[in-house]
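**Student:** In terms of full-length UniProt numbering, the sequence shown is residues 1 to 294.
Cβ coordinates follow ideal geometry from the N, Cα and C atoms, glycine included.
Got a structure for you, written out below as structure tokens; questions coming shortly.
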Amino acid sequence: MFSILRSFDVQRLQLPEFCSMVDGCDTFSRFFQEKIDKLLVNLYRTTAVEPEPGKTPCFTASIEVFELTTTAKISNILGITSKACILDPLPTKQLSDNVESMVPSITYVTNASLENTVMSVLLKHAIVRPLLKKQSLNKDILSNYCTISNLSHLAKVIEKVVARKNYSHISEQRMQDCFQSAYRKNHSTETALLCVTNAMKAAMCNRQGKALVLIDFSAAFDTVNHNIMIGQLQFHYGFVGKALAWLQSYLEGRTQRVVIRDASSNTTRVTSGVPQGSVLGPLLFSLYVQPLAR
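Okay, here's the thing in structure tokens:
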């Protein structure tokens, strides 16, 4: 019922005037791609991360393979993964109602992906929907829109299996910066605010000065350089062998298309970034920017 009501919510879908919805989809697709291309030209002067000669790795334990999952773990993941996507061949509700019969097949596909270090191209395709950042903004200016990506249900299940292993490895090795609050268990914007407030008050009590630097990255998730990301995962975080190969397959060869109502743009290749709306994306991004803390 709520999905039907949302489809009639005009305020939710404010868009510029286009000759047709297909034209609108193609226009948004070109705009989003050109925006990222321009940012990438100015951001990166290198294409890979090479360790300094003689420098030792920054990790004490490596992770070479992702442990294969079980039907019990897949059942648990399916119980907490509920969002649907038009890429799904089976409605999420129908999948939830038939979990027991579907779990063995999903477990097999997940383990095949991990064992062969390949994330299927079908699972690396995203549906992008433009969304006006604020209702008060001019709907005819394309830069006032952000992208909301939808990924297939099966892709997120596989990601959750990998994410749990990644979080465990990173947590056990204490690889996250102590001041990292985003995308971290038991942390949030609230803990970040408390940390800053405490530091400011402590400085005032000691009659010391304190400077706060706020940096806003434009299209932060979309401008992650894959080669740099892979280099950091290998050298700074200890991902090697099959584990690193799977993550590289996950990042590369992604595609997307813009969808507005029933219209769709042509499919475009995604050559940078970590997918927004994904499970692994936030974790990978936090690891990517962590060198800023050093």
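(1) Suppose the cutoff is 8 Å on Cβ atoms and the five residues either side in sequence are ignored; what does the same chain contact list for E17 look like?
(2) At what residues does the alpha helix (DSSP H) containing residue 331 begin and finish?
(3) Per DSSP, what kind of secondary structure is T268 in: helix, strand or coil?
(4) Do M21 and R261 count as a contact pair if the criterion is CB distance below 7 Å?
(5) Between the alpha carbons of G54 and S249, how many angstroms are there, rounded?
(6) Which of the three DSSP states, helix, strand or coil, is assigned to N150?
(7) Can the beta-carbon of L39 be found less than 7 Å from the beta-carbon of A220?
(8) State yes or no: is the C-beta of G277 within less than 7 Å of the C-beta of L151?
(9) Going by the CB atoms, is the gap between T107 and I74 shorter than 7 Å?
(10) Measure the alpha-carbon distance for N198 versus R254 and round it to whole angstroms.
(11) Can you find at least 3 beta carbon pairs, one from the segment 170-178 and one from the segment 255-275, that sit closer than 8 Å?
(12) Find out if the Cβ-Cβ distance for the pair I63, H187 is shorter than 7 Å.
(13) So within the segment 165-229, which uninterrupted alpha helix (DSSP H) runs reach at least 4 residues, ignoring any that extend past its ends?
(14) Between which two residues does the beta strand (DSSP E) containing residue 362 stretch?
(15) Determine, using beta carbons only, whether F28 and V258 come nearer to each other than 7 Å.
(16) Between the segment 147-166 and the segment 205-217, do at least 3 Cβ pairs fall closer than 8 Å?
**Tutor:** On the basis of the supplied data:
(1) Within the same chain, E17 has close Cβ partners D140.
(2) Because the chain spans 1 through 294 in this model, residue 331 falls outside it and cannot be assessed.
(3) Correct three-state label for T268: strand.
(4) Yes, the Cβ-Cβ distance between R261 and M21 is below 7 Å.
(5) Residue placement at G54 is flagged as unreliable, the pLDDT there being 48, under the threshold of 50; a coordinate-derived value is accordingly withheld.
(6) It is a strand residue.
(7) With contacts defined by Cβ atoms closer than 7 Å, L39 and A220 do not form a contacting pair.
(8) One thing to note: G277 has its Cβ within 7 Å of the Cβ of L151.
(9) Yes; because the gap between Cβ atoms is below 7 Å, this pair is in contact.
(10) Cα to Cα, N198 sits roughly 42 Å from R254.
(11) The segment 170-178, when compared against the segment 255-275, does not touch it at the 8 Å Cβ threshold.
(12) No, these two residues do not count as a Cβ contact at 7 Å.
(13) Under the rule that a run must span 4 or more residues, the alpha helix (DSSP H) segments found entirely inside the segment 165-229 read 189-205.
(14) With the chain running from 1 to 294 in the structure shown, residue 362 is simply not present.
(15) Yes, these two residues count as a Cβ contact at 7 Å.
(16) Cβ pair count under 8 Å is below three, so no.
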